[in-house]
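Here's the structure we're looking at; comments come further down.
There are 2 protein chains.
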Amino acid sequence: MLPAMRRARIIELLRKDGMASLKDLTDALDVSLSTLRRDVDYLCESGHLERTHGGAVLNVNRHGSFEPARDIATALESSAKRAIGQRAANLIKPGQTVIFDSGTTTAAAALCVRERGIAFTAFTNDLAIATLLSASPAIQVFVSGGSVRPGSTTLLGSGALHSILRLHADIAFIGTHAMTATDLSDTSIDLAEIKRAFLMAADLVVLLADSSKIFSRAFCSFGRTSQIGLLVTDTRVSPEAEADLRGRGLALDIVPEVPE
Amino acid sequence: MLPAMRRARIIELLRKDGMASLKDLTDALDVSLSTLRRDVDYLCESGHLERTHGGAVLNVNRHGSFEPARDIATALESSAKRAIGQRAANLIKPGQTVIFDSGTTTAAAALCVRERGIAFTAFTNDLAIATLLSASPAIQVFVSGGSVRPGSTTLLGSGALHSILRLHADIAFIGTHAMTATDLSDTSIDLAEIKRAFLMAADLVVLLADSSKIFSRAFCSFGRTSQIGLLVTDTRVSPEAEADLRGRGLALDIVPEVPE
DNA sequence: ATCCATCTTCCAAAAATGATCAAAGTCGTG
DNA sequence: CACGACTTTGATCATTTTTGGAAGATGGAT
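Sequence lines, in order, name chains A and B. Following my numbering, the numbering of the first sequence begins with 1 at its first residue and continues without gaps. Following my numbering, the numbering of the second sequence begins with 1 at its first residue and continues without gaps.
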């Protein structure tokens, strides 16, 4: 296994609970303790996580750091996200108004929609999504104002919130850091505030969440699964989780990972 | 098999998981390790991917997600714009609030300020400027809302205008499409509306205009040269134009083009 | 204080790398 | 078609990087 891949997996494993012991990680990754220790040190140096005695915790403050380590960011742009994005993109009909929440999965969706070439109106609080959507002349892009979250491309704050509150859209694509059977949660209050507003602003709320997000919790709750019209996720979601969510009446769309 | 074809296949294989080891690639492509290594080096040079020990990861920027740096990169090819930007950047003092109008010259200024590393607050209606400024943790970036002008990274419309009207800044860096001895003008009514608001919102208005803009006219007037506190331009401005502008009491800062 | 898990430091084996070189292939020219 | 100039390929080898383990130091519990 590639060192870069291993480090990406470490981050992914940490996202699950926010922390993990080195023992857990060696079991999961099947490498020696020394190697793992070095990886964790490296990720710590680069600011992705912090050490504790016996383990590591994810650094929540840096959702994206100053110069996000390219290799890791790329690894997480997995085929799962692309597949989810593709499915989401196909939900949009010409002429509709669509909200794109900030995030990498929603950005994947935006990229896929742009490639479909259909004409519609987009609203987003993510500079990266706005930029990539604006490259298509068929798409009218609106951007929430607000302050840029340091190290990321997300717009937050009262400026953003006010522009959203006046909004009404056909579809909202929402990303999340974590979800349980009942709750959606993310890492900061400001983020949660915006997402909460998005949930209210659209007829159909589509949650885009790869399976690593499912059945974990983050600091700040921003909504309930009952507010979700459709959850698009990948095939690695556990059967129990799937049954549980379906049992609660949630519509699931589980997309296979297409290697493009 | 053609080298070009082989390289295309490499990219394709990388898309699957975002990364792959050289071993995987030789197995899949049936070429020697040396050749593959050279291919990967080549693709790395050309920016399609990045190397890690034992393998390669796909460069997500090339994947088309977004790169607002492109316009700015071309802007900086002009040594005049770079010099103007540098001079503008030096006007900012730590802690000030600064408006960056949309445009490539103002973007050059933003890039120079970021490299100075000082802490200040920025407001802009340009997605590219917002993105590049937000990469610095010292800079607090506010973005006007609004709709994206098709084919550019400029935010326009009532959303943008309203957020600007509530604003007050120490300095505003304004770009222009054209200027005469008395008038500033640009190509669209929407653009002019925004610039007009910027002119009112700052204590000191600094016009950044390379010499090609001086003494020409565009469709829509947005202000008068008397509203300008300082004009930063390059040495190719004609002596008559310079004398005329100085005669009207306009402060000029003519910067030599520093070749890099 | 004592014990045990964890951490650091070091070392040798294994893997990957960059450089070099001969063989094979490609191209343009007469 | 034959020739030389040039590029591409595959193999080898010394060097660097990474890995896994061992020995000793450190830190946190009881």
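A virtual CB, placed ideally from N, CA and C, is assigned to each residue, including glycine.
Provide the residue span of the beta strand (DSSP E) that contains L58 (chain B), from first to last. Taking the first residue of the second sequence as position 1, residue 58 (chain B) is located at position 58. First-last of the beta strand (DSSP E) with L58 (chain B): 55-58.
A178 (chain B) to L133 (chain A) span [Cα, whole Å]: Within the second sequence, the letter at position 178 stands for residue 178 (chain B). Within the first sequence, the letter at position 133 stands for residue 133 (chain A). Rounded to the nearest whole angstrom, the C-alpha separation of A178 (chain B) and L133 (chain A) is 29 angstroms.
Residue from A:T154, A:V206, A:G95, A:A119 with nearest C-alpha to G103 (chain A): Against the first sequence, residue 103 (chain A) aligns to sequence position 103. The shortest C-alpha separation from G103 (chain A) is found at A:T154.
Any idea what DSSP makes of T97 (chain A), helix, strand or coil? For the purposes of this step, residue 97 (chain A) is taken as the residue at position 97 of the first sequence. Of the three classes helix, strand and coil, the one that applies to T97 (chain A) here is strand, per DSSP.
Ignore the nearest five residues each way along the sequence and tell me which others in R38 (chain A)'s own chain have a CB closer than 6 angstroms to its CB. Taking the first sequence and counting its residues from 1, one reaches residue 38 (chain A) at position 38. Once the five neighbours on either side are set aside, R38 (chain A) has no close Cβ partner at all.
What are the uninterrupted segments assigned as alpha helix (DSSP H) that are 4 or more residues long and contained completely in the segment 13-38 of chain B, given in chain order? Whole alpha helix (DSSP H) segments, 4+ residues: 22-29.
Would you call A8 (chain B) buried or exposed, if buried means 16 or more other Cβ atoms sit within 10 Å of its Cβ? Stepping through the second sequence from its first residue, residue 8 (chain B) is reached at position 8. Exposed is the call here.
In the DSSP output, what is V326 (chain A) paired with across the bridge? This structure does not reach residue 326 (chain A), given that chain A is present from 1 up to 260, and the question cannot be answered.
Looking at T180 (chain B) and F215 (chain B), is the spacing between their C-beta atoms short of 8 angstroms? In the second sequence, the residue the question calls residue 215 (chain B) occupies position 215. In the second sequence, the residue the question calls residue 180 (chain B) occupies position 180. In contact: F215 (chain B) and T180 (chain B) (Cβ atoms closer than 8 angstroms).
Check the Cβ-Cβ distances between Q227 (chain A) and every residue of chain B, and say whether any is below 8 angstroms. Taking the first sequence and counting its residues from 1, one reaches residue 227 (chain A) at position 227. No, no contact with chain B.
Beta-bridge partners of T121 (chain A), as assigned by DSSP: On the first sequence, position 121 is the one that residue 121 (chain A) refers to. Its beta-bridge partners are A:T97, A:Q140.
Identity of the residue in B:S163, B:V57, B:A128 nearest G151 (chain B) by Cα: Along the second sequence, read from residue 1 onward, the residue named residue 151 (chain B) stands at position 151. The residue from B:S163, B:V57, B:A128 with its alpha-carbon nearest to that of G151 (chain B) is B:A128.
Can you tell me whether E265 (chain B) is buried or exposed? The criterion is at least 16 other CB atoms within 10 Å of its CB, across all chains shown. Because chain B spans 1 through 260 in this model, residue 265 (chain B) falls outside it and cannot be assessed.
Report the rounded CA-to-CA distance for R6 (chain B) versus L29 (chain B), giving the unit in angstroms. Looking up residue 6 (chain B) in the second sequence gives position 6. Looking up residue 29 (chain B) in the second sequence gives position 29. The C-alpha of L29 (chain B) is placed about 7 angstroms away from the C-alpha of R6 (chain B).
Cα-Cα separation between R166 (chain B) and S226 (chain A), rounded to whole angstroms: On the second sequence, residue 166 (chain B) is found 166 positions in, with the first residue counted as 1. On the first sequence, residue 226 (chain A) is found 226 positions in, with the first residue counted as 1. Going by the C-alpha atoms only, they are around 38 angstroms apart.
Does the Cβ of F198 (chain A) have 16 or more other Cβ atoms within 10 Å, making it buried, or fewer, making it exposed? The residue given as residue 198 (chain A) occupies position 198 in the first sequence. Per the 10 Å Cβ criterion, buried.
Tell me which residue opens and which closes the alpha helix (DSSP H) that F215 (chain A) is part of. Along the first sequence, one-based indexing puts residue 215 (chain A) at 215. No alpha helix (DSSP H) holds F215 (chain A); DSSP gives it neither H nor E.
Beta-carbon proximity check, D253 (chain A) vs L230 (chain A), cutoff 8 angstroms: What you label residue 253 (chain A) is simply residue 253 of the first sequence in a count that begins at 1. What you label residue 230 (chain A) is simply residue 230 of the first sequence in a count that begins at 1. Result yes, Cβ atoms of D253 (chain A) and L230 (chain A) sit closer than 8 angstroms.
Flag this pair as touching only if the segment 168-175 of chain B and the segment 90-102 of chain B have three or more C-beta atom pairs under 8 angstroms; answer yes or no. Contact between the segment 168-175 of chain B and the segment 90-102 of chain B is present, because at least three Cβ pairs lie under 8 angstroms.
Would S261 (chain A) and N125 (chain A) qualify as a contact pair, given that the criterion is a beta-carbon distance under 8 angstroms? Examination of residue 261 (chain A) is not possible in this model, given that chain A is present from 1 through 260 alone.
For L230 (chain B), the three-state DSSP class (helix, strand or coil): For this step, residue 230 (chain B) is matched to residue 230 along the second sequence. Strand at L230 (chain B).
I11 (chain A) CB to nearest chain B CB: under 8 angstroms? For the purposes of this step, residue 11 (chain A) is identified with residue 11 of the first sequence, where counting begins at 1. False, the Cβ-Cβ gap to chain B never drops below 8 angstroms.
Just verifying my parser: in three-state terms, what is the DSSP assignment at S163 (chain B)? In the second sequence, the residue the question calls residue 163 (chain B) occupies position 163. In the three-state DSSP reduction, S163 (chain B) falls in the helix class (H, G or I).
Are the C-beta of P239 (chain A) and some C-beta of chain B separated by less than 8 angstroms? Stepping through the first sequence from its first residue, residue 239 (chain A) is reached at position 239. Not closer than 8 angstroms to any Cβ of chain B, the Cβ of P239 (chain A) fails to qualify, so no.
Taking just the CA atoms, how far does D27 (chain A) sit from L13 (chain B)? Locating residue 13 (chain B) in the second sequence gives position 13, where the first residue counts as 1. Locating residue 27 (chain A) in the first sequence gives position 27, where the first residue counts as 1. Each residue's Cα considered, the two are about 28 angstroms apart.
Can the beta-carbon of A218 (chain B) be found closer than 8 angstroms to that of S185 (chain B)? Reading the second sequence from its first residue, position 218 is the one you call residue 218 (chain B). Reading the second sequence from its first residue, position 185 is the one you call residue 185 (chain B). Yes, Cβ-Cβ distance for A218 (chain B) and S185 (chain B) is below 8 angstroms.
Alpha carbon to alpha carbon, how far is S136 (chain A) from R114 (chain A)? The residue labelled residue 136 (chain A) in the question sits at position 136 within the first sequence. The residue labelled residue 114 (chain A) in the question sits at position 114 within the first sequence. Rounded to the nearest angstrom, the gap between the Cα atoms of S136 (chain A) and R114 (chain A) is 6 angstroms.
Quick one: does S216 (chain B) have its CB under 8 angstroms from some CB of chain A? Along the second sequence, one-based indexing puts residue 216 (chain B) at 216. By this cut-off, S216 (chain B) is not an interface position.
Contact set for E193 (chain A): own chain, Cβ-Cβ below 7 angstroms, skip 5 residues either direction: Walking along the first sequence from the start, residue 193 (chain A) turns up at place 193. The residues are L161.
Identify the contact partners of P3 (chain A) in chain B, using a Cβ-Cβ distance below 9 angstroms as the criterion. For this step, residue 3 (chain A) is matched to residue 3 along the first sequence. The CB of P3 (chain A) comes closer than 9 angstroms to the CB of T52, H53, G54, G55 in chain B, given here in chain order.
G175 (chain B) versus G54 (chain A) - alpha carbon distance: To locate residue 175 (chain B), count along the second sequence from 1; it is residue 175. To locate residue 54 (chain A), count along the first sequence from 1; it is residue 54. G175 (chain B) and G54 (chain A) have their alpha carbons spaced roughly 55 angstroms apart.
On a Cα-Cα basis, can you pick out the residue from B:T52, B:T105, B:L2 that is closest to K23 (chain B)? Taking the first residue of the second sequence as 1, we reach residue 23 (chain B) at position 23. Of B:T52, B:T105, B:L2, the smallest CA-CA separation from K23 (chain B) is found for B:T52.
Bridge-paired residues (DSSP) for I254 (chain B): Within the second sequence, numbered from 1, the residue matching residue 254 (chain B) stands at position 254. Answer is B:T233, bridged to I254 (chain B).
To the nearest angstrom, report how far apart L207 (chain A) and G47 (chain A) are at their CA atoms. Locating residue 207 (chain A) in the first sequence gives position 207, counting from the first residue. Locating residue 47 (chain A) in the first sequence gives position 47, counting from the first residue. If you take the alpha carbons of L207 (chain A) and G47 (chain A), they lie about 29 angstroms apart.
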